[in-house]
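Going by the working numbering, the first residue of the sequence shown is number 166, and it counts up by one from there.
What follows is one structure encoded as structure tokens, with my remarks underneath.
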Amino acid sequence: MRGIQAIVLSAGLSTRFPGNKLLFPLGGIPIVARTIRSLVVQEKIEKVIVVTGFMREDVEAAIKRHTEPSLLDSKVIFVYNPMYREGGMSSSIKKGLEMVPRDSDILVMPGDVGCISAETIKAVLDYHVSSTSQITVACYKGRHGHPIIFKSTLRNELEAINETTYGLKKVVKNHINEVNCVETSDPGVVLDIDTTSDIEICEDLLMKKGI
């Protein structure tokens with residue numbers, strides 16, 4: 166089986182956060198770098214495609230500064246989405262898909278989920294590769310979170326998403342009976358960082374995990 170390709174959405178404007186939340190340090194490591202570090206160590210992930218937009222140079226620099234060089238060179242690909250302002254998240258997903266082989270399954274994850282442990286991501290990946298389900302999603306107490314993984318057979322639907330039809334949510338809804346919810350003990354899978362209050366929650370969580 167070909168390795169899974171991860172698309173990390175790191176182009177947003179962070180309109181609800183003072184500054185670019187992706188660059189905010191958690192334990193001395195920028196949020197986006199924590200996200201990337203949890204992905205590059207996964208054996209089942211072939212490439213990590215980082216889609217940038219807002220503050221592109223700063224985001225790339227933060228990742229390069231905090232990622233082990235050999236993994237950075239062998240796994241990480243940076244792609245710029247010039248439509249990040251008007252095209253939203255859907256345009257970033259489609260930009261990332263341009264770098265994904267058509268026979269690869271696709272993991273999609275926002276860049277601001279730096280509270281998810283590498284162990285949690287590994288568990289979701291392991292479940293996905295052993296499953297015939299079209300979609301695998303990490304869950305916490307029944308809530309869908311991140312990451313979410315799509316079989317390569319859904320490629321055409323992913324390429325057709327747009328913000329007016331709710332992006333990825335439409336693909337998931339179309340295949341709701343083919344979604345496997347992998348229940349985890351990690352609250353980080355449902356924690357998006359949008360405000361400074363979310364930062365405090367994430368810091369407490371990381372402290373409890375010891376990471």
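C-beta: ideal position from N, C-alpha, C; glycine also.
Just so it is clear, the structure is predicted and the values come from calculations on it, not from any experiment.
Extent of the continuous alpha helix (DSSP H) run through residue i
i              : result
cysteine 367   : 361–374
proline 234    : 234–240
asparagine 321 : 320–324
asparagine 339 : 333–339
valine 294     : 283–294
Identity of the residues DSSP links to residue i by a beta bridge
i              : result
alanine 171    : Val213, Leu272
asparagine 345 : Thr301
proline 195    : Pro190
tyrosine 245   : Thr217
Distance between beta carbons of residue j and residue i, contact taken as under 8 Å
i                 : j             : result
leucine 262       : alanine 171   : No, leucine 262 and alanine 171 are not in contact; Cβ-Cβ is about 12 Å, not under 8 Å.
phenylalanine 315 : aspartate 357 : In fact, because the Cβ distance is near 19 Å, the residues do not count as touching under 8 Å.
alanine 283       : serine 203    : 4 Å
methionine 274    : valine 173    : 6 Å
valine 347        : valine 294    : Not really, about 12 Å apart at Cβ, beyond 8 Å.
lysine 186        : aspartate 277 : 6 Å
Close-in-space but distant-in-sequence residues of the same chain around residue i (CB under 8 Å, 5 per side omitted)
i              : result
glutamate 225  : Val215, Thr217, Phe243
isoleucine 258 : Ile172, Leu174, Val216, Val273, Leu323, Ile326, Gly332, Leu333
aspartate 268  : Arg167, Ser317
Of the listed residues the options, nearest to residue i (C-alpha basis)
i              : options                        : result
valine 354     : Val241, Leu371, Phe315         : Leu371
asparagine 246 : Arg221, Pro234, Arg230         : Arg221
glutamate 322  : Leu333, Ile313, Thr329         : Leu333
glutamine 299  : Asn339, Glu343, Arg267         : Glu343
arginine 230   : Lys287, Gly193, Lys374, Ser175 : Gly193
arginine 320   : Lys306, Val265, Leu290         : Val265
serine 362     : Phe189, Gly177, Lys338, Val337 : Phe189
arginine 250   : Pro234, Ser175, Ile281         : Ser175
proline 352    : Arg308, Asp223, Ile341, Ser257 : Arg308
Close beta carbons around residue i, own chain, < 6 Å, minus the five adjacent residues each side
i              : result
serine 296     : Asn345
valine 241     : Val213
isoleucine 169 : Lys209, Ile210, Asp270, Leu272
Unbroken beta strand (DSSP E) run spanning residue i, endpoints
i            : result
arginine 308 : 308–315
Sequence-distant residues of the same chain with beta carbon closer than 7 Å to residue i, five excluded per side
i                 : result
arginine 199      : Leu191, Gly279
phenylalanine 182 : Asp359, Thr360
asparagine 327    : Ser255
lysine 260        : Val216, Val244, Asn246
isoleucine 286    : Ser203, Leu204, Gln207, Pro312
alanine 227       : Leu188, Pro195, Val197, Ala198
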